[in-house]
Each structure stands twice: as C-alpha cells, then as structure tokens.
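Asks:
In the working numbering, the protein residues as written are 8 to 714.
1. With distance defined between alpha-carbon atoms, name the residue in 111, 481, 560, 709 nearest to residue 384.
2. In the DSSP assignment, find the unbroken alpha helix (DSSP H) run with residue 251 in it and report its ends.
3. What runs of the beta strand (DSSP E), each 3 residues or longer, lie entirely inside the region 194-219?
4. Taking contact to mean at least 3 C-beta pairs separated by less than 8 Å, is the region 323-335 in contact with the region 470-484?
5. Tell me the DSSP secondary structure of residue 320 in three-state form.
6. What are the residues that DSSP puts in a beta bridge with residue 399?
7. Is residue 277 near the ligand SAM, going by C-beta to nearest heavy atom under 6 Å?
8. Do you know offhand how far residue 354's Cα is from residue 400's?
9. Is the CB-CB distance between residue 693 and residue 667 below 7 Å?
10. Per the DSSP calculation, residue 125 is bridged to which residue(s)?
11. Between which two residues does the beta strand (DSSP E) carrying residue 137 extend?
12. Tell me, which residues are paired with residue 381 by DSSP?
13. Take residue 221 as the anchor and find which of 494, 136, 259, 293 has the nearest alpha-carbon.
14. Taking buried to mean at least 16 other C-beta atoms within 10 Å of its own C-beta, is residue 536 buried or exposed?
15. Give the straight-line distance between the Cα atoms of residue 664 and residue 493, rounded to the nearest whole angstrom.
16. Candidates 650, 538, 617: which alpha carbon is nearest residue 678's?
17. Just to check my reading of the structure: residue 262 and residue 420 have Cβ atoms closer than 8 Å, yes? What is that Cβ distance to the nearest angstrom?
18. Can you give the Cα-Cα distance for residue 639 and residue 425, rounded to whole angstroms?
19. Residue 94 to residue 105, Cα distance in whole Å?
20. Helix, strand or coil for residue 436 per DSSP?
21. Tell me which same chain residues have a C-beta within less than 8 Å of the C-beta of residue 624, skipping the five on either side of it?
22. Helix, strand or coil for residue 24? Go by DSSP, reduced to three states.
23. Shortest alpha-carbon distance to residue 81 belongs to which of 73, 66, 72, 212?
24. With residue 364 and residue 342 assumed to form a contact (beta carbons below 8 Å), what rounded beta-carbon distance in angstroms separates them?
25. Under 8 Å by Cβ, that's how I've got residue 215 and residue 231 pegged, so tell me the actual separation to the nearest angstrom.
26. Could you tell me which whole beta strand (DSSP E) segments of length 3 or greater appear in the region 439-518?
27. In the DSSP assignment, what are the bridge partners of residue 221?
28. When we look at the beta-carbon of residue 218 and count the other beta-carbons within 10 Å, is it buried (16 or more) or exposed?
29. Should residue 643 and residue 674 be called a contact, given that it needs their Cβ atoms to be closer than 7 Å?
30. Suppose contacts are defined by Cβ-Cβ distances below 7 Å. Is residue 160 in contact with residue 183 by that definition?
31. What does DSSP give as the partner residue(s) for residue 625 in the beta ladder?
32. Kindly indicate which three-state DSSP category residue 677 falls into: helix, strand or coil?
33. Beta-carbon separation of residue 337 and residue 374 under 7 Å?
34. Using CA atoms only, rank isn't needed, just tell me which of 580, 173, 477, 260 is closest to residue 288.
35. So, helix, strand or coil for residue 309, using DSSP?
36. For residue 676 and residue 634, what's the separation of their Cα atoms in angstroms?
Pasting the structure below:
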C-alpha cells in the first residue's frame, strides 16, 4: 500500500517507461470542467478528545511532492478549520475517498460538499490495501453526478490530483505510465508505483481509474482494477475487529512496577537536587513462544540496584523475577509463578518486510503505577530498515511515527517498541520486528543473566583522571583548535591517579580525551559544556567555626568527589564493558582500548563508625580524600563525616571534615581503630588537623546511648 518517501528513489511517482514523459498535457481547466460534479469535497469537522488532545491521522498523500499533508490536525483545530480532502462520486449516495486513518472520536461531523450543497455521511466500507473508504450519504448531493469508469482506456493517460494546501485547492496534472513495476522485499511481492490520490484520465477527461491514499498497488493488483472489485471490510466489522483486539490487549498486557534499592548520595548531589530513582513503571506481555518480556530502559547502574519486580495482575499483585536481560536492548525476560496465567499478546508473528506499506493496527501503551492506558489505532507500516546487527526495524505513520506495538489486521504481532541499550544511538525507527526479537531471545550471547549486565550496587566507574573542559581559548593556546573542533570538544587531563586505569593506559597530564566509543551505539563526544563539573563555590574553611551545629549535615564535601560527568557516563555504559578511547597526546591523535573499571572505595561508601557516646561519625580516609588533603596513603587519620548537634563532639568544637590523626596519642588509621580507642566515660584527647592547622581537642563521652 503506502511507502514512505524515504524509501523511494523516484521523486515524482507514476512517471517512467512507456513513452509518456514527453506527452503534451491537456488543458487542466477543460479537464476540471469535464470532471465537474464527479469530484466533491469530503469535510471532516474535527474535535479534541476528552483530554484536550488533537486527533492523530496519517494525512493525505500528495502525488506531486510524495509526502503526507495534514498530519498535524492540531494546527487546523487551532485555526478553527476543518480537514478537506477530495472525494469521488461513485454512486448517487456513495463517495470514494482517501482513508486518512483518523479515529472516529476525533471527528465531530463528516459531510460531503459540492457547490454550497452538503450531505451528512458515514463510513460504509474500509479498503485496507488501497487506503480508501467508501462513504454512505444520508441523501443524494444536489448537482453531483456519478463518475463513469473505462478501465481499458488506450492512448496517453494522465494523473489529475487535487489537494488542499494552505487553505486553497491546488490541482496538478502529470503524465501517467501504465508500466511501472518495482520488486519490493519479499520474493512473491511486486509493487506498481502509482501517483496516489489521483484520477487517471485521458486527454478527453474519460476516467480509467481512481487512486486513493496509496502510492503503490501490491501483489500484481492492477492500478485500473475497478473499485467494486477491491477487497473491503464493512465499517461495522472493522470496528468490531478493532474492539476485539483492544479488549485482548487489555487482558494480555499487565502493568509492572520495578523497585530500586536506595543508593548513597554525596552531600553535593543532594544539594544539587539529585534524587535516587525509587521505581519505574512498565508492562509485561507474553510472546507467541510463551516467553514473558518486559521493556525496561535502564542502565548497568540501575540494573545493579533492582530490588524487586511487582506485576499488577487484575486481581492481585504478583512478585516477578528477572530471568534474563537482552545484552543490547532495553528488554528483560520475566518469570512468574507457575499458577499465573497471562494470555499471549498474539498467537503468531508476522514479517515487517511482508507487511511494509500495509494497513496495520498500532498500539500506544502508557504505564502508570498500577494501571495501563492502551490506545489502538488503524495505521500504516510506513518504513522498514535494517537496524542493529541487521535486525528488522519499522515505523508507523501515526503519532509521530512511534508505536509501542504493531499488529497485522488479523492480529499477528509485527513489532514492539524496544530501545537499543546505548548511551547514544541514532535510532531511525522504533519497532523491533517480532521475528528479530524472538531470534535475539534464542541466541546465546545476546541474552544474559542480569548479573552479567549490572554494576555493583554502589559501583562508580573510574578512569583515574581529573580534567578540565576544553575551551576555545585553551585550544588556541595549546595549538589544538584543529583537533578539538575549535575547542568545543575535549577534556584536558590535569591529574592521573597512581595505580589507576588511566595510569595503566599511560595517560599523562596535558593529554586530551576526545571521544568514547562504547560497545553499542555511536561515538560519544566529550564536549566541554556537557562534561564540565557543576559550578561550585570554594569550601568555606574560614567560616567553618561560625556555622551552626544544626546545619553540619548540610555542609557539602570540600572535594569534588568521584561522580564526575565523565565517570557517570562510564558508569552508565557499564563496569566491565570494553570501550575505545580517542584522545590527543603531544599533539597527535591516539586510540586506546580499555575495560571500564570500578573506583576503589570512596568516601560515601567508606567504612564508618558512628559513636553514640560522642555524637560523631568518622570514616576511613579514601583515595580522593587523601588527594584533596595532599596526604600520602600511609599517613594516619580518619575523617569526621558528621557531628550531631548538641553532642559532646560538637560541644568540644569538632567540625565536619576535620581529620582526627590520633586518639590519646595513639595514631588511628581506620574507623575501626577509632572505635577501639573510644571507651564510655573516659575523656579522649583527639589530635585534630584542619588543612594545615593542628590542635588537640578533649571530648567527654556521654554515658549510655546518645539521645
């Protein structure tokens, strides 16, 4: 039926062999006079749905520019304009019109108009292959006349089309070739390219055929096959078929809530408004091969934090378990208890290629906390391409070319909206073919246990470098404008941690990191704006003594922490994944392969001790803390993580982020060492360091737990 223009190699359809390219066109005004009364206006009086949304439609195929017009019906509604298309009188009370694939609830009234006269109409028959509908008038339309057809017309033929553009009718006339056969996709499928929404006439205005909202005929169907021989579906049967599928979808798709474990946030993250993800909503369905699948757009980080999966069946909540995850797609295979019966979403699958251009059903599925909103549309499978690793992918023409599910008119599953699991991927069309999905689910290496695609719960990727974003001025001063896209791309390495992945890669200060190429998806440009550190103020060490105790827990860490934009990117790609790094060393480009590694223990997850009697929390000195305070890795000390207001530690004058070097003249090297030194009731002398200043603080612990 319809082919999206992106697939066509010919700009103007219907032209080709047969010697008609040089034909002299008839006088279009005389031709219109001959057709007068046979062409009428089909007028859709539009309306918003109950939520105030404009109706969705495929629109009108234009034979001249090979694109669909009037897909945005919201614009017409805003301007209080109806949608007008050309119809053809094929009976005293029958009009053949293009099917614009609009839902009935988006149409307030449907009328046929001719020279100021109008008659109410309703859909009588739907013709899926031709993209047409037959409209039944309630009464004959005065002044109109029935179009007569002569399919076997000889001689030169022409395609006349009329379409509403910018509020006025625009007519076009072009030569028409009888022979334009193109072999598409399936071995048994042949298509004849035709100028959609046109009347095929000779120079005297005699009509050979009417072509509606399609730009091809399929499987040897002739372009001049009389419309009375088209395979149609009665409107009532079509509506019943749609209702049955919609009911089946409501019964065979269940909402799911995926809950995540909480993860440790730094104070900086909390002050920046970062909130841990608590839950996401999705849905589960059963494929024809009885596998249970759930679309789930997460990252390796979130995969490692999944706590539980709850399926909301119609009568109760059911715990589910993730059995496997697709390696390269945002999709998981679920397991449910044996006594749970979920009907298959369909009982068979169908090929995207074999249904390309045909009318289909598309479904939009929106998941809420314990419910789903499922909308079913008549639609067009408007495009099929080879996606990741050659997998069949398709698109529909409605709803901005995005559908969550697609079915043939007979109910076979065509495709599902399952994203490629990639940080950056130029995805052309969203539907993954049902056959391609089944193949992936049965291919070793393409589907893995969840632990293979998950980070440790608090794992953070760590290349082992500090950096500053490249700027135009910096690139100019380093003579790197030509390598850094005039300074808009690149991270300048300013420090490399010893024994880190960066050190193993022999990165050095002065090197520039340009791009990361992940295992799936395209290269990720390390642009200065995107990967810059969040703006921050200098830590107020000089005002630390004036901060009220009640605000101690709100003071951000003085160091930046390890969750930098670059580290967050690598964490999302996944610890253990292999990537390629493109960078600059001494003015020359380099490429290095490396495996993403997790950071050593960092401050937020460092071993800690909370002393109720002192009202203090101390933590081990981790590598980034030692880097900030310029302490070597064997120097003693624990860092004060927090102090309770009104506690003995606060009364003694201790402050957050000071370092306790010794207790009662005994060096402490860990939070556990500090714990061993604390005895209830005994006064403690703490050797405390704040930056370059040392002092001794005496603390008298409270007896019993701190209230």
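For each residue, glycine too, the CB sits at the ideal point set by N, CA and C.
Replies: Reading off the structure:
1. If we check each option's Cα against that of residue 384, 111 comes out closest.
2. Note, residue 251: alpha helix (DSSP H), 242-259.
3. Counting only unbroken stretches of 3 or more residues, the beta strand (DSSP E) elements lying wholly within the region 194-219 are 197-200, 205-208, 214-218, in sequence order.
4. By the Cβ criterion, the region 323-335 is not in contact with the region 470-484, since fewer than three pairs of Cβ atoms, one from each stretch, lie closer than 8 Å.
5. Note: residue 320 maps to coil in three-state DSSP.
6. In DSSP, residue 399 forms a bridge with 393.
7. No copy of the ligand SAM occurs in the structure displayed, which carries no ligand at all.
8. When rounded, the distance between both Cα atoms is 21 Å.
9. Going by C-beta atoms, residue 693 is nearer than 7 Å to residue 667.
10. BP columns for residue 125 point to 120.
11. Premise fails: residue 137 is in no beta strand (DSSP E) and is neither H nor E.
12. Residue pairing for residue 381: DSSP places it in a beta bridge opposite 372.
13. Residue 221 has its Cα closest to that of 136, out of 494, 136, 259, 293.
14. Result: exposed.
15. Cα to Cα, the separation comes out at about 41 Å.
16. The candidate whose alpha carbon is nearest that of residue 678 is 617.
17. Going by Cβ atoms, the distance from residue 262 to residue 420 rounds to 20 Å, so no, they are not a contact pair.
18. Approximately 49 Å between the Cα atoms of the pair.
19. Near 7 Å, if we compare the C-alpha coordinates of residue 105 and residue 94.
20. Residue state, collapsed to three classes: coil.
21. 615, 616, 617, 618, 647, 648, 649, 650.
22. Residue confidence for residue 24 is low, a pLDDT of 33 falling below 50, so the modelled location carries little weight and cannot support an answer.
23. Residue 66 holds the alpha-carbon nearest to the alpha-carbon of residue 81 among 73, 66, 72, 212.
24. About 38 Å; that fails the 8 Å criterion.
25. Sure, about 5 Å apart at Cβ, within 8 Å.
26. For the beta strand (DSSP E) assignment, the uninterrupted runs of no fewer than 3 residues enclosed by the region 439-518 are, from N- to C-terminal side, 472-476, 498-503.
27. For residue 221, DSSP assigns no beta-bridge partner whatsoever.
28. With 16 or more Cβ atoms within 10 Å of its Cβ, residue 218 is classed as buried.
29. Yes, they are a contact pair.
30. Against a cut-off of 7 Å, the Cβ pair of residue 183 and residue 160 comes out as no contact.
31. Looking at the DSSP assignment, residue 625 forms a beta bridge with 616, 647.
32. Residue 677: coil per DSSP, three-state reduction.
33. Contact annotation: residue 337 and residue 374 have beta-carbon atoms that are not nearer than 7 Å.
34. It is 260.
35. Helix, per DSSP.
36. For residue 676 and residue 634, the distance between alpha carbons rounds to 16 Å.
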